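A.B. asks: Mind having a look at this structure? Questions to follow.
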Amino acid sequence: MTSDNSINRRGFYAQAIFALNAILGAALAVPTLVYLLVPGGRRRKETFVDAGDVSQLTPGVPVEMSFQQSRVDGWRVLTEKRTAWVVKTPTNEVIAYGPQCTHLGCAYHWEEKPKQFICPCHASLFSLQGKVVAGPAPRPLDRYVAKIENGRLFLGPLRQVSSGDAA
Ligand code: FES
């Protein structure tokens, strides 16, 4: 009787350990499989940040706008200051350029006299439409994905633009 009880108890413990291992294995495997199998773009939802009021912008006059954007870095959420050069077109569309030159990433600025964006590092020039006018910049200014709601500009990710797309 004692030896039967001992075998049953051992069997129970063995099964309990196997069950616990299976639960722990599943708990580790499910998030790992989701991470490996679900493409990053589907996991990361496109988020838009309120960059400010654009209802008063004058068409054809770029304005540098600052805004705060949060991003997750490991377990921390960091809030960073970002900027965009924002232009309202004559047809009331709004284009938001990334603040860095597409050559080596220097900050550029708008010059009213030649009506061009000028990068002081290696003298790249960009038109109001973001096209390369002169200098070593290899492509037009990058653009934020942008949308307007109630006169406010909401900016998403920054995207590269090919020469043919800059209009
Ligand atoms: S970084 Fe702008 S021209 Fe080189």
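According to our numbering, the sequence shown is numbered sequentially starting from 173.
C-beta: ideal position from N, C-alpha, C; glycine also.
Every value quoted in this text rests on a predicted model; they were computed, and no experiment measured them.
Taking 8 angstroms as the cut-off, decide whether the C-beta atoms of S238 and G323 are in contact.
C.D. replies: To locate residue 238, count along the sequence shown from 1; it is residue 66. To locate residue 323, count along the sequence shown from 1; it is residue 151. It is not a contact, given that the beta carbons lie outside the stated cut-off.
A.B. asks: Near C273, what residues of its chain come up, given a Cβ to Cβ distance below 7 angstroms and the 5 sequence neighbours on each side ignored?
C.D. replies: Stepping through the sequence shown from its first residue, residue 273 is reached at position 101. Excluding positions up to five away in sequence, the list reads Y280, C291, C293, S296, A309.
A.B. asks: Relative to the ligand FES, is the shortest distance from any of its heavy atoms to the C-beta of A295 smaller than 7 angstroms?
C.D. replies: For this step, residue 295 is matched to residue 123 along the sequence shown. Flag set: Cβ of A295 near the ligand FES.
A.B. asks: Are the beta-carbon atoms belonging to V333 and G307 less than 8 angstroms from one another?
C.D. replies: Taking the first residue of the sequence shown as 1, we reach residue 333 at position 161. Taking the first residue of the sequence shown as 1, we reach residue 307 at position 135. Result no, Cβ atoms of V333 and G307 do not sit closer than 8 angstroms.
A.B. asks: Taking only runs of the beta strand (DSSP E) that begin and end inside the segment 237-280, which ones reach a length of at least 3 residues, in chain order?
C.D. replies: Listed in chain order, the complete beta strand (DSSP E) runs (minimum 3 residues) inside the segment 237-280 are 248-260, 266-269.
A.B. asks: To the nearest angstrom, how far is the alpha carbon of R243 from that of V249?
C.D. replies: As a first step, residue 243 is located in the sequence shown; it is residue number 71 there, counting from the start. As a first step, residue 249 is located in the sequence shown; it is residue number 77 there, counting from the start. Rounded to the nearest angstrom, the two C-alpha atoms are 6 angstroms apart.
A.B. asks: Per DSSP, which one or two residues make a beta bridge with E284?
C.D. replies: On the sequence shown, position 112 is the one that residue 284 refers to. E284 is not bridged to any residue.
A.B. asks: Quick check: is any heavy atom of the ligand FES less than 7 angstroms from the C-beta of L276?
C.D. replies: Counting from one through the sequence shown, the residue named residue 276 turns up at place 104. It does: the Cβ of L276 is within 7 angstroms (strictly closer) of some heavy atom of the ligand FES.
A.B. asks: Should A309 be listed as close to the ligand FES, given that the test is whether its C-beta is under 7 angstroms from any heavy atom?
C.D. replies: Position 137 of the sequence shown, counted from the first residue, corresponds to residue 309. Flag set: Cβ of A309 near the ligand FES.
A.B. asks: If you reduce the DSSP assignment to three classes, tell me which class F220 lands in.
C.D. replies: As a working note, residue 220 is residue 48 in the sequence shown. Here F220 sits in coil by DSSP.
A.B. asks: Could you spell out the range, first to last residue, of the beta strand (DSSP E) harbouring A295?
C.D. replies: Within the sequence shown, numbered from 1, the residue matching residue 295 stands at position 123. Segment: none, A295 is in no beta strand (DSSP E) and carries neither H nor E.
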